[in-house]
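Notes follow the structure.
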Amino acid sequence: MTASARFRTRPRVGLRARITISFALGALLLSLLLASTTLSITRDNLLTERESEAVTRTAENATAIKGTISAEDFDGAAQLGALRTPASPVLIVDTQTGTENYSLDTRLGADALDHSLQEAVELDGIAAKMRYEHDGSPLLAVGIPLPEQEASYFEITDLSEIESDLESLGITLIGAAAITTLAGAALGSWASRRALRPLSDISAAAEAIAQGRLETRLDSADDAELEPLVSSFNEMVSALEHRIRRDARFASDVSHELRSPLMTLSASVDVLNNRRDELPDEASQMALDLLVKDVERFNQLVEDLLEISRFDAGAHRLEQSPVNIIETVRAAVEASATDAVPVDYDPSLRDTVFLCDKRRVVRVLANFLDNAQKYAGGATRVTAERGPDQTILIAVEDAGAGVPDDEKERIFDRFSRGEMGGTRQADRGVGLGLALASEHAHLMGGRVWAEDRPNGECGARFVFEMPVHAPEAQDVPMEPIT
Amino acid sequence: MGTRILTVEDDERIRTAVKMALEDEGWDVDEAETGEDAIGSFQRNPSDVVLIDIMLPGMDGFEVCRSIRRASDVPIVMVTARADTHDVVAGLEAGADDYLTKPFAPKELSARIRALLRRARSGDPAVSHLSFGDLEIVPEEGMVLKEGEEVHLTKTEFRLLVELASSPGRVFSREVLLERVWGYGYFGDGRLVDVHIRRLRTKIEQDPANPRHVVTVRGLGYKLQT
Chain A
1 MTASARFRTR PRVGLRARIT ISFALGALLL SLLLASTTLS ITRDNLLTER ESEAVTRTAE
61 NATAIKGTIS AEDFDGAAQL GALRTPASPV LIVDTQTGTE NYSLDTRLGA DALDHSLQEA
121 VELDGIAAKM RYEHDGSPLL AVGIPLPEQE ASYFEITDLS EIESDLESLG ITLIGAAAIT
181 TLAGAALGSW ASRRALRPLS DISAAAEAIA QGRLETRLDS ADDAELEPLV SSFNEMVSAL
241 EHRIRRDARF ASDVSHELRS PLMTLSASVD VLNNRRDELP DEASQMALDL LVKDVERFNQ
301 LVEDLLEISR FDAGAHRLEQ SPVNIIETVR AAVEASATDA VPVDYDPSLR DTVFLCDKRR
361 VVRVLANFLD NAQKYAGGAT RVTAERGPDQ TILIAVEDAG AGVPDDEKER IFDRFSRGEM
421 GGTRQADRGV GLGLALASEH AHLMGGRVWA EDRPNGECGA RFVFEMPVHA PEAQDVPMEP
481 IT
Chain B
1 MGTRILTVED DERIRTAVKM ALEDEGWDVD EAETGEDAIG SFQRNPSDVV LIDIMLPGMD
61 GFEVCRSIRR ASDVPIVMVT ARADTHDVVA GLEAGADDYL TKPFAPKELS ARIRALLRRA
121 RSGDPAVSHL SFGDLEIVPE EGMVLKEGEE VHLTKTEFRL LVELASSPGR VFSREVLLER
181 VWGYGYFGDG RLVDVHIRRL RTKIEQDPAN PRHVVTVRGL GYKLQT
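Residue numbers (my numbering), protein chains in the order written: chain A, 1 to 482; chain B, 1 to 226.
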């Protein structure tokens, strides 16, 4: 088990989506079941009713027509026409020459009778009923044998009407099922949101904590089932907060403790260095030079550590004053860069004064310049211009190897030197400069980033975007800085 | 007799390191471990510059600073652990002329002390007798009179006033004053100017909360009202 063990997650479909889908599927299944049951019961009822009606009626009509068949002037069509029936009557009478068929409906005549039904009635002499399909129409035929008259009487009922009624009922039911499904999905979505609200509260809290608001806690839950989760979450955050503060304090304490021996070292090395020429041999002088250089580096490291631990402790405050950005940039470049670096700026900025924390602006710029010096052979150009939405962009360009895309964010991490900083060289820094630049920028409400030098030239461009406000300045000429 | 520097610091190693570095510059160094020692030592043998660590056992650095300031206008440098706390302003308000943040390089300390010594010893012949209402400045004698009575200013306060008086009515930015009075480059701490202006006002203004002589030009700096 590694220290970074993670709980198994299912990233494909979210929990809320899954709950919603389950509810929808459940509703669909249930409504389909209901619909099909309804449909089949309705169908059975309708058919049974129609059948019993047809059987009764056919029997009555058979009796009515029975007496007329033997008459001399028997006219089948007329007799059938006199019957009261909504169905299509068919009368089949045996004669010497064969059979005589009478019917009223050309479509539903004797041809429309099913043979097995006809045989059952004519040959076996039993009354029968049958449902079957003819020419694509569902039919119900009832046959009554009239043995004394050597005839059979049938009535054929077209059931298409029932089928179309059932069909429209079916469509209605499917519509209802669809609505039920949607309602199920809506219910599922609502229920899942309600059920997951504690989770989204936790996620919001976790996000706040990740952004550094370590004092964030969850409100205690009313729900007894959720209470253990809430309290263990809060305990975890407290433990985390304690640890983070302890770590930050540790870094700060260590740096503070380092200061005294460092000052002793510095002072001693300085005294020695003032007498460098009196040292007996070259080896001692070289040793002293090494010491001087590393004590200086050590000093810088402790200063940076102290500064960054103050950020961690949230002890930093902005000290805003009216500042001429161009003068500040120029002065910072003069103070930091070893060689002359051109400063290009938007002319409209030259006489403009903004309210900002000058020391921090200078720290960001100095760290950029220092970075260019250490990793890219020095800055080639510094620019200052207006950015979008009341911001100023200050950029340091170099002609070094550039920063690979996957390093562009990482180089602002603490002690990260990126690919190009992978090798530790004597005069290289300790990798806190860019992290500090980023912290300063954030405190001022701005940000920093690295990009490629424009126009496809090799090298990198480190940009500091700073929001600015104009102070309430009065129209009084300012003493030029000499 | 050479320049005497008194250093008040409870950490023996730092005290030794500072003493070593300052002696290397050719100055004489008196050491004091506590505030009480420092005040005793200063009374017996006044120094040219006093270096006070704020964090001292017993009497703290602010109190030592106030006590010495009551008796003398000797330049005082406060040593503080952090530049961004209230300590700096409190130290300056207690009467310090400048401050340093630990860890400081010995070279930086020597540079600060040299700047203070220069200020302490230079008269300013460039500006002659000036008067602004009830205020009179006599640079040759290093004297300021309010309603004809001498006002006691420290060397730094005096330099600041003379600087402003060199171009009455002109606005001086903090940067310019830092450079001309303290010898800092562009990146000095503006609070040095602000606190000294405040101290100066309590001495020369009738109503320091409503200054008539040294006025603030919002967003730009300070000027001496003609």
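Beta carbons are placed, not taken as given, at the ideal position from N, Cα and C, and that holds for glycine.
Inset, instruction - Give the secondary structure of A:V486 by DSSP, where H, G and I count as helix, E and B as strand, and everything else as coil. - result: The shown model of chain A, from 1 to 482, leaves out residue 486 of chain A, and the question about it has no answer.
Legend entry - Cβ of A:G421 within 9 angstroms of any chain B Cβ: Taking the first residue of the first sequence as 1, we reach residue 421 of chain A at position 421. Its pLDDT being 48, under 50, A:G421 is placed unreliably by the model, and nothing is read from it.
Inset, instruction - Kindly indicate which three-state DSSP category A:N455 falls into: helix, strand or coil? - result: Position 455 of the first sequence, counted from the start, is the residue given in the question as residue 455 of chain A. Residue state, collapsed to three classes: helix.
Legend entry - Nearest residue (CA-CA) to A:W449, options A:E397, A:T157 and A:H469: The residue labelled residue 449 of chain A in the question sits at position 449 within the first sequence. A:W449 has its Cα closest to that of A:E397, out of A:E397, A:T157 and A:H469.
Legend entry - 7 angstroms Cβ cut-off: residues of chain A touching B:V21: What you label residue 21 of chain B is simply residue 21 of the second sequence in a count that begins at 1. Note on identity: in this sequence residue 21 of chain B is Ala, with Val being the wrong assignment. Ordered by position in chain A, the residues that pass the 7 angstroms Cβ test against B:A21 are A267, D270 and V271.
Legend entry - is_contact[A:H256, chain B] using C-beta, thresh 9 angstroms: For the purposes of this step, residue 256 of chain A is taken as the residue at position 256 of the first sequence. Output row for A:H256: interface = yes.
Legend entry - C-alpha gap between A:V521 and B:E9, whole angstroms: Residue coverage of chain A in this structure runs from 1 to 482, which leaves residue 521 of chain A outside it and unanswerable.
Legend entry - CB contact check: B:P208 to chain A, cutoff 9 angstroms: Residue 208 of chain B sits at position 208 when you count from the first residue of the second sequence. So, not an interface residue.
Legend entry - Coil, strand or helix - A:A210 by DSSP: Reading the first sequence from its first residue, position 210 is the one you call residue 210 of chain A. A:A210 falls in the helix class under three-state DSSP.
Inset, instruction - Compare the Cα-Cα distances from B:G26 to each of B:E36, B:Q43, B:S166 and B:I5 and report the closest residue. - result: The sequence position of residue 26 of chain B within the second sequence is 26, counting from 1. Nearest option by C-alpha distance: B:I5.
Legend entry - Backbone secondary structure at B:F104 - three-state DSSP: Start at 1 with the first residue of the second sequence, and residue 104 of chain B comes out as number 104. Three-state result, B:F104: coil.
Legend entry - Euclidean distance between Cα positions of B:E140 and B:N45: Within the second sequence, the letter at position 140 stands for residue 140 of chain B. Within the second sequence, the letter at position 45 stands for residue 45 of chain B. For B:E140 and B:N45, the distance between alpha carbons rounds to 28 angstroms.
Inset, instruction - Taking 9 angstroms as the cut-off, decide whether the C-beta atoms of B:T294 and B:L51 are in contact. - result: Outside the shown range of chain B (1 to 226) lies residue 294 of chain B, about which nothing can therefore be said.
Inset, instruction - Confirm, please, whether the CB-CB distance from A:K129 to A:L117 is below 9 angstroms. - result: As a working mapping, residue 117 of chain A is identified with position 117 in the first sequence. As a working mapping, residue 129 of chain A is identified with position 129 in the first sequence. Yes. Within cutoff.
Inset, instruction - Could you confirm whether any beta carbon from chain B is found closer than 9 angstroms to the beta carbon of A:A331? - result: Taking the first sequence and counting its residues from 1, the one referred to as residue 331 of chain A is at position 331. Cβ-Cβ to chain B under 9 angstroms: yes for A:A331.
Legend entry - Endpoints, beta strand (DSSP E) assigned at A:H134: To locate residue 134 of chain A, count along the first sequence from 1; it is residue 134. Taken as a continuous stretch (DSSP letters only), the beta strand (DSSP E) holding A:H134 covers A128 to H134.
Inset, instruction - Can you say whether B:H196 is buried or exposed, counting buried as having 16 or more other CB atoms within 10 angstroms of its CB? - result: Walking along the second sequence from the start, residue 196 of chain B turns up at place 196. Counting Cβ neighbours within 10 Å, B:H196 comes out buried, since at least 16 surround it.
Legend entry - From A:V323, A:L39 and A:T63, residue whose alpha carbon lies closest to that of B:D189: As a first step, residue 189 of chain B must be located in the second sequence, where it is residue number 189. Checked all of A:V323, A:L39 and A:T63; the closest Cα to B:D189 is A:V323.
Inset, instruction - Give the DSSP-derived three-state secondary structure of A:A71 in the structure shown. - result: Locating residue 71 of chain A in the first sequence gives position 71, where the first residue counts as 1. A:A71: coil per DSSP, three-state reduction.
Inset, instruction - Report the three-state DSSP secondary structure of A:E303 (helix, strand or coil). - result: Here residue 303 of chain A refers to the residue found at position 303 of the first sequence. Three-state result, A:E303: helix.
Inset, instruction - Tell whether a beta-carbon distance below 9 angstroms holds between A:L108 and A:D158. - result: Residue numbering aside, residue 108 of chain A sits at position 108 when the first sequence is read from its first letter. Residue numbering aside, residue 158 of chain A sits at position 158 when the first sequence is read from its first letter. Taking 9 angstroms as the Cβ cut-off, A:L108 and A:D158 qualify as a contacting pair.
Inset, instruction - Determine the contact status of B:A21 and A:V271, defining contact as a CB-CB distance below 9 angstroms. - result: Along the second sequence, read from residue 1 onward, the residue named residue 21 of chain B stands at position 21. Along the first sequence, read from residue 1 onward, the residue named residue 271 of chain A stands at position 271. Yes; because the gap between Cβ atoms is below 9 angstroms, this pair is in contact.
Inset, instruction - Starting from the Cα of A:P388, find the closest Cα among A:K374, A:Y375 and A:F464 and give me that residue. - result: Numbered from 1 along the first sequence, position 388 holds the residue referred to as residue 388 of chain A. Nearest C-alpha to A:P388: A:F464.
Inset, instruction - Find the nearest neighbour of A:E385 within the set A:A248, A:T352, A:A379 and A:I41, judged by alpha-carbon distance. - result: Against the first sequence, residue 385 of chain A aligns to sequence position 385. Measuring from the Cα of A:E385, the nearest candidate turns out to be A:T352.
Inset, instruction - For A:P322, return the contacting residues in chain B, with the cut-off set at a CB-CB distance below 7 angstroms. - result: Translated into the one-based positions of the first sequence, residue 322 of chain A becomes position 322. Those are G219 and L220, listed as they occur along chain B.
Inset, instruction - Thinking A:V90 and A:E100 are a contact (beta carbons under 8 angstroms), I'd like their distance in whole angstroms, please. - result: Your numbering for residue 90 of chain A matches position 90 in the first sequence. Your numbering for residue 100 of chain A matches position 100 in the first sequence. That pair is no contact at about 11 angstroms.
Legend entry - Neighbouring residues, chain B, relative to A:L262 (Cβ below 8 angstroms): Start at 1 with the first residue of the first sequence, and residue 262 of chain A comes out as number 262. What A:L262 touches in chain B: P103.
Inset, instruction - From the DSSP output, read off the bridge partner residues of A:N101. - result: The count along the first sequence starts at 1 and reaches residue 101 of chain A at position 101. Note: A:N101 sits in a beta bridge opposite A:I92.
Legend entry - Minimum Cβ-Cβ distance from A:L15 to chain B less than 9 angstroms: Indexing the first sequence from 1 puts residue 15 of chain A at position 15. Answer no: the Cβ-Cβ gap between A:L15 and chain B never drops below 9 angstroms.
Legend entry - Cut-off 8 angstroms between Cβ atoms - residues of its own chain near B:L161, not counting five sequence neighbours on either side: What you label residue 161 of chain B is simply residue 161 of the second sequence in a count that begins at 1. Excluding residues within five positions, the ones whose Cβ falls inside 8 angstroms are I137, V144, L153, L200, I204, V214 and L224.
Inset, instruction - For A:V362, return the contacting residues in chain B, with the cut-off set at a CB-CB distance below 9 angstroms. - result: The count along the first sequence starts at 1 and reaches residue 362 of chain A at position 362. What A:V362 touches in chain B: Y186 and F187.
Inset, instruction - Can you tell me which of A:A335, A:V382 and A:V142 puts its alpha carbon nearest to the alpha carbon of A:D346? - result: In the first sequence, counting from the first residue as 1, residue 346 of chain A sits at position 346. That would be A:V382, whose Cα lies nearest to the Cα of A:D346.
Inset, instruction - Spatial neighbours of B:L177 within its chain, please: CB distance less than 6 angstroms, with the 5 preceding and 5 following residues excluded, ordered by chain position. - result: Numbered from its first residue, the second sequence carries residue 177 of chain B at position 177. Counting only Cβ-Cβ distances below 6 angstroms, and skipping sequence neighbours, we find V193.
Inset, instruction - May I ask you to verify whether the stretch 46 to 58 of chain A touches the stretch 16 to 29 of chain A, counting CB pairs closer than 8 angstroms and requiring at least 3? - result: no
Inset, instruction - Would you check if there are 3 or more beta carbon pairs closer than 8 angstroms linking the stretch 251 to 265 of chain A to the stretch 297 to 317 of chain A? - result: yes
Inset, instruction - Helix, strand or coil for A:K408, going by three-state DSSP, please let me know. - result: Start at 1 with the first residue of the first sequence, and residue 408 of chain A comes out as number 408. Three-state DSSP puts A:K408 in coil, outside helix and strand.
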